[in-house]
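Numbering (our numbering), first residue to last: 6 to 129.
The beta carbon of each residue, even a glycine, is placed where N, CA and C say it ideally should be.
Report on the structure given below.
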(Lines of atoms letter the chains of each structure in order from A and count residues from 1; the text may use other names and numbers.)
(Lines give C-alpha, C1' and ligand atoms only; values in the text may rest on other atoms or scores of the structure.)
Protein backbone atom coordinates (compact mmCIF):
# COMPACT_ATOMS: atom_id res chain seq x y z
CA UNK A 1 0.00 0.00 0.00
CA UNK A 2 2.81 2.40 0.89
CA UNK A 3 4.60 1.58 -2.38
CA UNK A 4 1.38 2.33 -4.26
CA UNK A 5 0.96 5.75 -2.60
CA UNK A 6 4.63 6.62 -3.14
CA UNK A 7 4.46 5.64 -6.81
CA UNK A 8 1.32 7.81 -7.29
CA UNK A 9 3.04 10.79 -5.63
CA UNK A 10 6.17 10.38 -7.74
CA UNK A 11 4.11 10.04 -10.90
CA UNK A 12 2.04 13.15 -10.15
CA UNK A 13 5.13 15.26 -9.38
CA UNK A 14 7.01 14.03 -12.44
CA UNK A 15 4.04 14.58 -14.77
CA UNK A 16 3.54 18.12 -13.43
CA UNK A 17 7.24 18.89 -13.93
CA UNK A 18 7.14 17.37 -17.43
CA UNK A 19 4.09 19.45 -18.35
CA UNK A 20 5.90 22.64 -17.28
CA UNK A 21 9.00 21.78 -19.33
CA UNK A 22 7.25 20.79 -22.56
CA UNK A 23 5.71 24.15 -23.42
CA UNK A 24 6.54 27.41 -21.75
CA UNK A 25 4.96 30.62 -22.98
CA UNK A 26 6.91 33.85 -23.07
CA UNK A 27 5.54 37.25 -23.96
CA UNK A 28 7.71 39.28 -26.32
CA UNK A 29 7.88 43.07 -26.56
CA UNK A 30 5.06 43.22 -29.08
CA UNK A 31 2.76 41.13 -26.83
CA UNK A 32 2.83 38.08 -29.08
CA UNK A 33 2.92 34.77 -27.29
CA UNK A 34 5.45 32.31 -28.63
CA UNK A 35 5.59 28.63 -27.68
CA UNK A 36 9.00 27.25 -26.82
CA UNK A 37 9.24 23.48 -27.23
CA UNK A 38 11.70 21.63 -25.01
CA UNK A 39 13.11 18.28 -26.11
CA UNK A 40 10.87 15.25 -25.76
CA UNK A 41 12.19 12.88 -23.05
CA UNK A 42 10.69 9.85 -24.83
CA UNK A 43 13.00 10.22 -27.86
CA UNK A 44 16.12 8.03 -28.05
CA UNK A 45 19.39 9.52 -26.79
CA UNK A 46 21.26 11.42 -29.46
CA UNK A 47 18.18 11.79 -31.69
CA UNK A 48 18.32 14.83 -33.95
CA UNK A 49 15.31 16.01 -35.91
CA UNK A 50 15.78 16.66 -39.62
CA UNK A 51 16.32 20.33 -40.38
CA UNK A 52 14.84 21.81 -43.53
CA UNK A 53 17.59 24.03 -44.97
CA UNK A 54 15.89 24.86 -48.25
CA UNK A 55 16.55 28.45 -49.19
CA UNK A 56 13.82 30.44 -50.85
CA UNK A 57 14.95 31.75 -54.22
CA UNK A 58 14.15 35.33 -55.10
CA UNK A 59 15.75 36.96 -58.13
CA UNK A 60 17.94 39.98 -57.55
CA UNK A 61 16.07 43.29 -57.76
CA UNK A 62 16.73 45.15 -61.01
CA UNK A 63 18.79 48.34 -60.95
CA UNK A 64 16.60 51.41 -61.42
CA UNK A 65 18.36 54.05 -63.51
CA UNK A 66 15.63 56.50 -64.49
CA UNK A 67 11.91 57.24 -64.09
CA UNK A 68 9.91 59.10 -66.74
CA UNK A 69 6.44 60.22 -65.62
CA UNK A 70 4.30 62.76 -67.45
CA UNK A 71 0.66 63.08 -68.52
CA UNK A 72 0.97 60.58 -71.37
CA UNK A 73 3.49 58.00 -70.25
CA UNK A 74 4.98 56.23 -67.27
CA UNK A 75 8.26 54.50 -68.02
CA UNK A 76 11.17 53.22 -65.99
CA UNK A 77 14.68 52.45 -67.19
CA UNK A 78 15.99 49.38 -65.39
CA UNK A 79 19.02 47.28 -66.30
CA UNK A 80 19.63 49.55 -69.34
CA UNK A 81 16.16 48.88 -70.86
CA UNK A 82 12.92 50.87 -70.86
CA UNK A 83 9.79 49.31 -69.30
CA UNK A 84 6.11 50.21 -68.79
CA UNK A 85 3.54 49.09 -66.24
CA UNK A 86 2.62 45.43 -66.74
CA UNK A 87 5.93 44.38 -68.29
CA UNK A 88 8.31 41.95 -66.60
CA UNK A 89 11.93 42.56 -65.73
CA UNK A 90 14.11 39.88 -64.14
CA UNK A 91 11.13 37.84 -62.92
CA UNK A 92 9.35 40.84 -61.38
CA UNK A 93 6.23 42.45 -62.83
CA UNK A 94 6.05 46.23 -62.83
CA UNK A 95 2.84 47.04 -60.98
CA UNK A 96 3.15 50.82 -60.59
CA UNK A 97 5.48 53.63 -61.64
CA UNK A 98 5.55 56.88 -59.68
CA UNK A 99 7.93 59.84 -59.86
CA UNK A 100 9.87 58.67 -56.77
CA UNK A 101 9.78 54.87 -57.09
CA UNK A 102 8.86 51.82 -59.15
CA UNK A 103 6.80 49.06 -57.51
CA UNK A 104 7.55 45.49 -58.53
CA UNK A 105 5.48 42.38 -57.76
CA UNK A 106 6.98 38.92 -57.26
CA UNK A 107 4.93 36.01 -55.86
CA UNK A 108 2.25 38.35 -54.47
CA UNK A 109 4.80 40.49 -52.60
CA UNK A 110 5.42 44.09 -53.59
CA UNK A 111 8.92 45.60 -53.64
CA UNK A 112 9.63 49.32 -54.03
CA UNK A 113 12.75 50.36 -55.93
CA UNK A 114 13.70 54.03 -55.72
CA UNK A 115 16.36 56.14 -57.38
CA UNK A 116 17.65 57.61 -54.13
CA UNK A 117 17.88 56.46 -50.55
CA UNK A 118 16.09 58.54 -47.91
CA UNK A 119 19.26 60.47 -47.10
CA UNK A 120 19.89 61.29 -50.79
CA UNK A 121 16.43 62.64 -51.62
CA UNK A 122 16.23 66.26 -52.69
CA UNK A 123 14.31 68.60 -50.43
CA UNK A 124 11.27 70.23 -52.02
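My output table needs one value for residue i: the three-state DSSP class, helix, strand or coil.
i	result
residue 8	helix
residue 105	coil
residue 119	strand
residue 29	Confidence at residue 29 is low in this model, with a pLDDT of 43, below 50, so its placement is unreliable and the value that follows should be read with caution. Correct three-state label for residue 29: strand.
Using only alpha-carbon positions, find the residue among the options that is nearest to residue i.
i	options	result
residue 63	83, 8, 115	115
residue 61	111, 8, 117	111
residue 84	58, 120, 55, 45	120
Could you name the residues of the same chain whose beta carbon sits closer than 7 Å to that of residue i, not counting the 5 residues immediately before and after it, in chain order?
i	result
residue 96	64, 111
Determine, using beta carbons only, whether residue i comes closer than 8 Å to chain B.
i	result
residue 65	Annotation note: the requested chain B is absent from the structure, which comprises a single protein chain.
Between which residues of its own chain and residue i is the CB-CB distance below 8 Å, once the five residues before and five after are set aside?
i	result
residue 90	79, 99, 100, 101, 102
residue 86	94
Quick one: what's got a C-beta closer than 6 Å to residue i's C-beta in the same chain, skipping five residues either side?
i	result
residue 82	70, 71
residue 94	67, 83, 88
inquiry  = Contact between the segment 43-55 and the segment 70-80 is defined here as three or more beta-carbon pairs at a separation below 8 Å; is this criterion met?
reply    = no
message = Could you check whether the segment 72-82 touches the segment 93-104, counting it as contact only if at least three pairs of C-beta atoms, one from each stretch, sit closer than 8 Å?
response = yes
message = To test your reading of the DSSP string, which unbroken beta strand (DSSP E) runs of 3 or more residues are found completely within the segment 48-99?
response = 69-74, 79-83, 86-89
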